[in-house]
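So for the sequence shown, our numbering puts the first residue at -19; every next one is plus one.
Heads up, the thing below is written out as structure tokens.
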Amino acid sequence: MRKKLTSPPTCSTSKKPDSSHIKNQQANDKGYQTRGKLSELRKELKDRERRAVGRILANADVVLSTLTTASDDGPLKNLPQGHFQVAIIDECSQALEVACWMALFRAPKCILAGDHLQLPPTIVSEVAAKGGLEVTLMERAMRLHGEAVVRMLLTQYRMHELIMRWSSDRLYGGRLLAHPSIAAHLLRDLPGVEDNDDTALPLLLIDTAGCGMVELDTPDDESKGNEELLHVFWHVCRVCASCSLLVCVCGHDGRLKD
């Protein structure tokens, strides 16, 4: 007798996913969808910010900016080319020429305001300085075009005529003038300041040579100081005790710490 052969039982290799796996999958799907929505929202936010900045700048009569933020990576990129009629660079003599061009490319006309005889920009690299980087745009314009492109402001409103005289004669050919309101102004003219030998002089130079006021160097050799000069400073403070504002100009950071 032959036995009827029957098909062997089949075993399914696929298992029914458990509930935890389903929940994890659903969570992953939701996370993916959330990230997608966040990406869309960020894109929409940036677009709205760009349009808002563009509207604000477009409606402004004057836009103030640093030279760096005037580049194509700054907010001015939201304005169309040719939006500005004039670019004005203040303190141009203290800026690198390459930095100035980021603003100058945005207008057909420019006004450079500053003084090429004052402090130039700081150039750390001596090689770069010798290569011409220390020459400012204002200085180069003066060399190329001279007085034809210069309008010098002849009246200053900051200091006594005697204090101004040296720089006027040495740098500006004696053309600089002091405004009458401050040309003869002295400390004793301030309310509450005593009239004496110290307050009757517009300029007093104190020679500390031989007085034991030794100048000190900081450990890192980055600045200088002089503790003894504090005595002079406090004397001036006492003389001007009734002044509401007293300005002390220090040549080194170390003296500020003193």
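Glycine is no exception: its CB is placed at the ideal position from the N, C-alpha and C atoms.
Take residue i and list the residues in its own chain whose beta-carbon comes closer than 7 Å to its own, dropping the five residues that flank it on each side.
i	result
Ala50	Leu56, Met82, Ala83 and Arg86
Asp175	Arg168
Ile143	Pro182 and Leu183
Ala180	Leu166 and Arg168
Leu59	Gly34, Leu37 and Ala38
Lys89	Gln65 and Val66
Ala109	Ile103
Val107	none
Give me the Cβ distance between residue i and residue j, rounded to the nearest whole Å; I'm assuming they're in contact under 8 Å.
i	j	result
Ala164	Glu141	7 Å
Thr117	Glu77	Note on identity: in this sequence residue 117 is Leu, with Thr being the wrong assignment. Their Cβ separation, rounded to whole angstroms, is 4 Å, which keeps Leu117 and Glu77 in contact under 8 Å.
Gly94	Gln65	Not a contact, Cβ separation roughly 21 Å.
Arg155	Leu133	With 8 Å as the limit, Arg155 and Leu133 do not qualify as a contact, their Cβ atoms being about 10 Å apart.
Met139	Ile162	7 Å
Arg208	Gly190	Note on residue identity: the sequence assigns Glu, not Arg, to residue 208. Contact doesn't hold; Cβ gap of about 12 Å is too wide.
Starting from residue i, trace the beta strand (DSSP E) in both directions and tell me its first and last residue.
i	result
Ala67	Val66 to Ile69
For the alpha helix (DSSP H) holding residue i, just list the boundary residues, first then last.
i	result
Leu210	Leu209 to Val219
Cys80	Glu77 to Leu84
Excluding the 5 residues flanking residue i on each side, which residues of the same chain have their C-beta closer than 8 Å to its C-beta?
i	result
Phe252	In the structure displayed, the chain extends from -19 to 238; residue 252 sits before or after that span and is not available.
Arg120	Glu77
Gln136	Met144, Leu156, Leu157, Ala158 and His159
Val130	Met122
Leu226	Val216, Cys217 and Cys220
Glu54	With the sequence shown as reference, residue 54 is identified as Gly, and Glu is not the correct amino acid for it. Excluding positions up to five away in sequence, the list reads Ser45 and Thr48.
Hey, residue i and residue j: beta-carbon distance below 8 Å or not?
i	j	result
Leu295	Leu97	What the structure shows of the chain is the stretch from -19 to 238, and residue 295 is not part of that stretch, so it cannot be assessed.
Ala79	Leu47	yes
Val219	Asp178	yes
Once the 5 residues before and after residue i are set aside, which same chain residues still bring their CB inside 6 Å of it?
i	result
Asp91	Checking the displayed sequence, the identity of residue 91 turns out to be Ile instead of Asp. Excluding positions up to five away in sequence, the list reads Ile68.
Gly16	none
Q. Considering only residues of the region 88 to 142, which uninterrupted beta strand (DSSP E) runs meet the minimum length of 3 residues and lie entirely inside it, listed in chain order?
A. Runs of the beta strand (DSSP E) inside the region 88 to 142: 89 to 92.
(Q) In chain order, what are the residue ranges of uninterrupted beta strand (DSSP E) at least 3 long that sit wholly in the region 19 to 75? (A) As far as the region 19 to 75 is concerned, its whole beta strand (DSSP E) runs of at least 3 residues are 66 to 69.
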